[in-house]
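Just so you know, we're using this note's numbering here: the sequence shown kicks off at 15 and counts up by one.
Below: the structure, in structure tokens.
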Amino acid sequence: MPHLLTGTHPYLPPPPTPQHRHNRIKPLIVAYSSNRFNFAANRITLSYSNRILLPSPLKSASINEVSVQNNPEASSISDEILGRIRELVKFLPSIFPGGTWWNFSDEVDGSIFGQPVTVWYALGKMWNLVARDRWVIFAAFSALIIAAVSEISIPHFLTASIFSAQGGDITVFHRNVRLLILLCGISGICRPFLVFDTLFALPKVDRSLCPQVLVQLAEADIARWALSPGFEPRYCLVGAITRVLNLGTHYCVKRMRETLYSSLLLQDISFFDNETVGDLTSRLGADCQQVSRVIGNDLNLILRNVLQGGGSLIYLLVLSWPLGLCTLVICSILAAVMLRYGRYQKKAARLIQEVTASANNVAQETFSLIRTVRVYGTEEEEQGRYKLWLEKLADISLRQSAAYGFWNFNFNTLYHSTQVIAVLFGGMSILAGHITAEKLTKFILYSEWLIYSTWWVGDNISNLMQSVGASEKVFNLMDLSPSSQFITEGMRLQSLTGHLEFVNVSFHYPSRPTVSVVQHVSFVVNPSEVVAIVGLSGSGKSTLVNLLLRLYEPTSGQILIDGVPHKDLDVMWWRERIGYVGQEPKLFRMDISSNIRYGCTRDVKQEDIEWAAKQAYAHDFISALPNGYETLVDDDLLSGGQKQRIAIARAILRDPKILILDEATSALDAESEHNVKGVLRSVRSDSASRRSVIVIAHRLSTIQAADRIVVMDRGQIVENGSHRELLLKDGLYARLTRKQADSMDLIKVQQRMKLHEFWFKMHREDITPTSSHFRQMQKHKTCE
């Protein structure tokens with residue numbers, strides 16, 4: 015093979031200078047032959063068909079006075095390959111234990127995590143959830159302890175039975191077999207042949223190392239008969255323990271979800287401004303289920319294997335303390351690796367839960383806004399967002415699986431080390447006469463039991479760490495203090511007249527403390543008065559309503575209700591006396607009657623519901639539905655105007671003292687708006703109720719019906735007065751009115767043109783007007 019042509023070859027000219035880089039470079043193709051090189055122009059042609067691209071940074075090279083041109087494309091490919099090799103070489107050290115590949119710090123923003131939760135703290139919280147059933151849990155764990163202690167004695171009597179049979183002592187053999195059967199029934203071994211198969215069925219132990227009688231008895235199924243599936247008593251205890259612990263697990267999950275849900279419901283609205291729906295629902299679902307494994311499985315197996323491992327270690331030290339100490343050293347190494355692995359799994363589980371919650375939130379947001387996604391054709395973008403979180407999840411899970419593989423590698427290495435030590439030192443001790451073959455057999459059985467118990471403890475502690483890592487956010491949410499509105503019981507007025515007063519109120523949202531939304535607002539709403547709040551978008555109109563509803567508390571100033579600060583009133587009592595209709599009302603997934611009745615504390619009949627629907631002009635379209643008032647609806651099955659009518663009916667049914675309409679007629683047609691405003695005027699003017707009404711609206715017709723108009727701009731009140739007074743001031747309200755009037759004039763002109771076209775068509779076609787034509791003409795006049 016000839017040498018590759020590279021820039022560092024001693025027989026080639028130096029690399030080209032920058033001024034020659036614009037020249038066209040041809041590839042250098044080298045073929046090789048067993049005889050000689052034949053040069054033809056820039057190509058070397060030989061008898062063999064093999065051709066090799068030789069990438070080189072050189073522009074040209076001269077071999078035997080023949081100029082050979084190289085290819086920059088081949089050079090770039092070579093550079094890319096070399097770059098990848100360098101990256102691989104740099105990456106390899108990071109995958110070893112302690113390398114940067116195992117670090118999770120860059121995967122997810124650490125600010126989303128709550129306070130770290132210790133294992134004992136998490137276990138204490140779980141105990142509080144099952145404390146009501148503590149006697150049942152105590153009984154289950156007591157039975158578990160009895161079963162574990164019974165299992166520890168099985169290898170001893172199993173070996174004694176075999177060697178007594180070998181010695182021909184039938185009486186001792188039968189006695190040992192009966193004790194063995196009794197212990198198997200008490201212990202409730204889940205898997206048949208557990209102890210016997212550990213020694214004979216698994217290929218990890220060489221049968222030649224054991225006495226031949228053990229193999230014969232194993233093949234004759236003498237011990238298998240004692241542990242056979244037909245021997246029913248062995249299932250009783252474990253079955254009872256499992257069912258009792260599963261019962262405790264179900265109650266734990268139930269109470270955990272109840273506590274978490276209650277804690278979330280009682281938080282301030284500002285809490286939900288910073289949280290997402292997908293994240294919270296993920297906490298209620300997958301996270302709570304993950305925590306339930308601790309009681310149902312992890313603690314059960316940890317306690318059981320700790321008892322078995324401790325008993326095995328004591329027995330090993332009694333049999334042969336040198337061999338027992340060697341086994342103890344190996345188990346200590348395994349325990350150290352186990353703790354390290356458990357802490358890593360805790361961190362991985364916490365990240366997995368956070369990334370899963372984020373992925374769920376993306377999916378929930380996409381599905382809830384599927385119409386917007388479909389209209390704008392952003393399916394690929396949304397799929398990319400979801401795929402990004404799935405890739406993060408897969409990357410974290412890959413490292414978690416790699417850590418588990420490393421843990422299993424350590425276990426298998428140490429397990430086989432125990433076997434080698436037992437065979438080597440045990441065989442030497444037998445040859446020296448220090449121990450017998452029966453003791454060595456017992457030692458092998460108990461050493462394997464100790465190693466496997468250590469492995470099971472480590473494996474379940476890692477699962478426990480994962481559950482604790484997953485529970486951090488759950489327990490932090492459960493520990494949140496409820497809103498002060500629900501802690502203290504405020505005042506309940508004997509009667510409410512509906513006198514409202516804002517006194518120098520200022521407010522900024524907790525998520526934006528530097529942006530003041532409302533600044534020094536003061537105005538009064540008298541009983542049975544309609545006050546309209548108008549202004550440009552973002553001027554703070556809806557914020558005032560949120561403050562009045564006590565969704566937020568003012569940063570400074572106060573709101574007086576009949577002369578009493580509204581923060582001193584009982585929040586539930588106060589909200590029961592308010593009717594609220596928002597700009598985008600939401601419906602629950604229930605029938606229409608339940609949606610109208612929602613939140614009404616007084617007893618109402620179906621006739622009352624239908625009356626409220628008629629007042630809101632919703633009865634006609636509800637009756638036209640397949641099941642009428644029993645039709646199941648949600649937030650997406652009705653139009654905006656239909657949802658607003660149901661929301662208005664809901665507010666009317668409550669018979670409130672204070673009625674708040676936040677763009678409540680924005681989705682209604684002109685005729686429905688006119689009718690609903692008539693109903694609201696009659697409700698307001700009812701002398702028996704004397705309701706105060708606050709209206710936020712942009713339509714001129716709605717604003718003109720108000721007794722007083724408050725004009726806001728940039729969080730402050732700039733004008734206050736009646737419609738006529740504000741027009742005379744020629745301020746912001748007058749400008750807004752003129753702009754809207756210009757738009758209304760244009761609409762009237764368009765409607766008038768349609769009316770003229772309608773009559774011209776009738777005259778031209780010589781059509782006799784019918785009742786339907788007159789209804790259509792009336793419709794045009796109404797819109798005008």
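For glycine and all other residues, C-beta sits at the position ideal for the given N, C-alpha and C.
Remember, it's a predicted structure, so these values are computed and weren't measured experimentally.
Can you tell me whether P579 is helix, strand or coil according to DSSP? The count along the sequence shown starts at 1 and reaches residue 579 at position 565. For P579, the three-state secondary structure derived from DSSP is strand.
How many angstroms separate the CA atom of S92 from the CA atom of S382? Here residue 92 refers to the residue found at position 78 when the sequence shown is read from its first residue. Here residue 382 refers to the residue found at position 368 when the sequence shown is read from its first residue. Taking the straight line joining both Cα atoms gives about 50 Å.
Among Q533, S411, D634, L438, which residue has its Cα nearest to the Cα of G729? Sequence index remark: in the sequence shown, residue 729 carries index 715 (1-based). Out of Q533, S411, D634, L438, Q533 has the C-alpha closest to the C-alpha of G729.
Secondary structure at G654, three-state DSSP: helix, strand or coil? Locating residue 654 in the sequence shown gives position 640, where the first residue counts as 1. Three-state result, G654: helix.
Just reading off the alpha helix (DSSP H) that A377 is part of, what are its end residues? Residue mapping note: residue 377 aligns to position 363 of the sequence shown, counting from 1. Here the alpha helix (DSSP H) through A377 covers 335-382.
Which partner residues of Y594 appear in the DSSP bridge assignment? Here residue 594 refers to the residue found at position 580 when the sequence shown is read from its first residue. Beta-bridge pairing links Y594 to I674.
Evaluate contact between the region 632-640 and the region 614-623, counting only Cβ atoms and requiring at least three cross-stretch pairs below 8 Å. The region 632-640 is not in contact with the region 614-623.
Residues near V305 by beta carbon distance below 6 Å, same chain, minus five either side: By 1-based counting over the sequence shown, the position of residue 305 is 291. Within its own chain, the residues whose Cβ lies closer than 6 Å to the Cβ of V305, once the five positions on either side in sequence are excluded, are S481, S485, listed in chain order.
Given R506, which residues of its chain have a CB within under 8 Å of its CB, disregarding the five upstream and five downstream residues? Counting from 1 along the sequence shown, the entry for residue 506 is found at position 492. For R506, the CB contacts under 8 Å within the same chain, skipping 5 residues up- and downstream, are L583, D584, W587 in chain order.
What residue from Q281, D293, W469, G440 has the CA that sits closest to S346's CA? Looking up residue 346 in the sequence shown gives position 332. When each option's Cα is compared against that of S346, the closest is W469.
Can you give the beta carbon distance from K487 to R297, rounded, assuming they're within the 8 Å contact cut? One-based indexing of the sequence shown puts residue 487 at position 473. One-based indexing of the sequence shown puts residue 297 at position 283. Confirmed, about 6 Å.
In chain order, what residues of the same chain have a beta carbon less than 7 Å from the beta carbon of R205, not counting five sequence neighbours either side? Residue 205 sits at position 191 when you count from the first residue of the sequence shown. With a pLDDT of 35 at R205, under the threshold of 50, the modelled position of that residue is not reliable, and no figure is offered here.
Helix, strand or coil for S497, going by three-state DSSP, please let me know. Taking the first residue of the sequence shown as position 1, residue 497 is located at position 483. DSSP places S497 outside both helix and strand once states are collapsed to three, so it counts as coil.
Contacts around S530, its chain only, beta-carbon distance under 7 Å, and the 5 residues preceding and following it disregarded: Locating residue 530 in the sequence shown gives position 516, where the first residue counts as 1. Within the same chain, S520, H522, G729 come within 7 Å of S530 by CB-CB distance, once the 5 residues on both sides are set aside.
Nearest-angstrom Cα distance between W239 and L438? Here residue 239 corresponds to residue number 225 of the sequence shown, with the count starting at 1. Here residue 438 corresponds to residue number 424 of the sequence shown, with the count starting at 1. Interpretation of W239 is limited by its pLDDT of 37, a score under 50 that renders its predicted location unreliable; no figure is taken from the coordinates.
Out of D282, L158, I344, state which residue places its alpha-carbon closest to the alpha-carbon of V434. Locating residue 434 in the sequence shown gives position 420, counting from the first residue. Out of D282, L158, I344, I344 has the C-alpha closest to the C-alpha of V434.
So if DSSP puts F516 in a beta bridge, which residue, or which two residues, is it bridged to? Taking the sequence shown and counting its residues from 1, one reaches residue 516 at position 502. According to the DSSP secondary-structure assignment, F516 is paired through a beta bridge with F537, I573.
Which of the three DSSP states is assigned to I449 in this structure? Counted from its first residue, the sequence shown places residue 449 at position 435. In the structure shown, I449 sits in coil (DSSP, three-state: anything other than H, G, I, E or B).
Which residues does DSSP list as the beta-bridge partners of R752? Translated into the one-based positions of the sequence shown, residue 752 becomes position 738. R752 pairs with nothing; no bridge assigned.
Touch test, the region 279-294 against the region 437-455, Cβ-Cβ under 8 Å, three pairs minimum: With a cut-off of 8 Å, the region 437-455 and the region 279-294 do not count as touching, because too few Cβ pairs lie within range.
Candidates G735, R713, I731: which alpha carbon is nearest I723's? Taking the first residue of the sequence shown as position 1, residue 723 is located at position 709. Here the closest residue by C-alpha is G735.
C-alpha gap between C614 and G512, whole angstroms: Taking the sequence shown and counting its residues from 1, one reaches residue 614 at position 600. Taking the sequence shown and counting its residues from 1, one reaches residue 512 at position 498. It is roughly 19 Å from the alpha-carbon of C614 to the alpha-carbon of G512.
Work out the CA separation of Q378 and F420 for me, nearest whole Å. For this step, residue 420 is matched to residue 406 along the sequence shown. For this step, residue 378 is matched to residue 364 along the sequence shown. Rounded to the nearest angstrom, the two C-alpha atoms are 36 Å apart.
Using the C-alpha atoms, what's the distance from A162 back to L143? The sequence position of residue 143 within the sequence shown is 129, counting from 1. The sequence position of residue 162 within the sequence shown is 148, counting from 1. Rounded to whole angstroms, L143 to A162 spans 26 Å at the Cα level.
Supposed contact pair L330 and L337 - C-beta distance, whole angstroms, cut 8 Å: Counted from its first residue, the sequence shown places residue 337 at position 323. Counted from its first residue, the sequence shown places residue 330 at position 316. Between L337 and L330, the beta carbon gap of about 7 Å places them in contact (Cβ cut-off 8 Å).
Whose C-beta lies closer than 7 Å to the C-beta of R271 among residues of the same chain, with five residues either side of it excluded? To locate residue 271, count along the sequence shown from 1; it is residue 257. Around R271: L298, C302.
C340 versus S156 - alpha carbon distance: Here residue 340 corresponds to residue number 326 of the sequence shown, with the count starting at 1. Here residue 156 corresponds to residue number 142 of the sequence shown, with the count starting at 1. Cα to Cα, the separation comes out at about 32 Å.
Could you check what DSSP says for A417 in three-state terms: helix, strand or coil? Within the sequence shown, the letter at position 403 stands for residue 417. DSSP, read as helix, strand or coil, puts A417 in helix.
Determine the burial state of Q149: buried for a count of at least 16 other Cβ atoms within 10 Å of its Cβ, exposed for fewer. Here residue 149 is taken as the residue at index 135 of the sequence shown, counted from 1. Sequence check: residue 149 is Trp here, not Gln. So W149 ends up on the exposed side.
Anticipated Cβ contact below 8 Å, M479 with G596, distance rounded: As a working note, residue 479 is residue 465 in the sequence shown. As a working note, residue 596 is residue 582 in the sequence shown. The pair is not a contact, with the Cβ atoms about 46 Å apart (cut-off 8 Å).
Residues bridged to L646 (per DSSP): Stepping through the sequence shown from its first residue, residue 646 is reached at position 632. Answer by DSSP bridge pairing, in chain order: D605.
Indicate the three-state DSSP secondary structure (helix, strand or coil) for S525 in the structure shown. Sequence index remark: in the sequence shown, residue 525 carries index 511 (1-based). Coil, per DSSP.
Beta-bridge partners of G549, as assigned by DSSP: Reading the sequence shown from its first residue, position 535 is the one you call residue 549. Paired residue(s): M726.
With burial defined as no fewer than 16 other Cβ atoms inside 10 Å of the residue's Cβ, what is the status of P630: buried or exposed? Position 616 of the sequence shown, counting from 1, holds the residue named residue 630. In the sequence as presented, Pro is not what sits at residue 630; that position holds Ala. A630 counts as buried, since no fewer than 16 other beta carbons sit within 10 angstroms of its beta carbon.
Near V535, which residues of its chain fall below 6 Å by C-beta distance, leaving aside the five closest residues on each side in sequence? Taking the sequence shown and counting its residues from 1, the one referred to as residue 535 is at position 521. Sequence-distant Cβ neighbours of V535 in its own chain, meaning closer than 6 Å and more than five residues away, are F516, V519, I731.
Assigned exposure category for N422 - 16 Cβ within 10 Å defines buried: Numbered from its first residue, the sequence shown carries residue 422 at position 408. Label assigned to N422: exposed.
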